[in-house]
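A.B. asks:
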Amino acid sequence: MLATAETFRLMTRGVLRAAEDLCAGQVVLVHEGGYSEVHVPFCGHAVLEEMSGSAIRAPDPLAATLAARQPDARFDAFAGAWIDDLARQFGA
């Protein structure tokens, strides 16, 4: 999924903000398997950092590699054109 520890930090921040509006800030955290045993500790740490308000950061050792693999403007243009084409085909 090309998600970095920062991705998980930002998703957690969004969940915490939504929880404030929707359920008095109550959040349950559940961790399930299936991820890289090398990378998941850094992503999990970022979640805990955000939830606790900690300023202690664990550098993500895969951040640069994952950043280099992110879709770029060419991919966005390709995907947008494909979606537009499908919308025309289906009359949307």
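All residue numbers for the sequence shown refer to this note's numbering, where the first residue is 1439 and numbers rise by one. C-beta: ideal position from N, C-alpha, C; glycine also.
#1: Whole alpha helix (DSSP H) runs in the stretch 1442 to 1481 with 4 or more residues, listed along the chain?
#2: Would you call the stretch 1469 to 1486 and the stretch 1515 to 1527 touching, i.e. three or more CB-CB distances under 8 angstroms?
#3: Under the rule that 16 or more other beta-carbon atoms within 10 Å means buried, what is Ala1443, buried or exposed?
#4: My output table needs one value for Phe1528: the three-state DSSP class, helix, strand or coil.
#5: Would DSSP call Arg1512 helix, strand or coil?
C.D. replies: In short, the structure shows the following:
#1: Fully enclosed alpha helix (DSSP H) runs of 4 or longer: 1443 to 1460.
#2: Proximity of the stretch 1469 to 1486 to the stretch 1515 to 1527 falls short of the contact definition, fewer than three beta-carbon pairs being nearer than 8 angstroms.
#3: Counting Cβ neighbours within 10 Å, Ala1443 comes out buried, since at least 16 surround it.
#4: When secondary structure is reduced to three states using DSSP, Phe1528 falls in the coil class, being assigned neither helix nor strand.
#5: In this structure, Arg1512 counts as helix in the three-state DSSP scheme.
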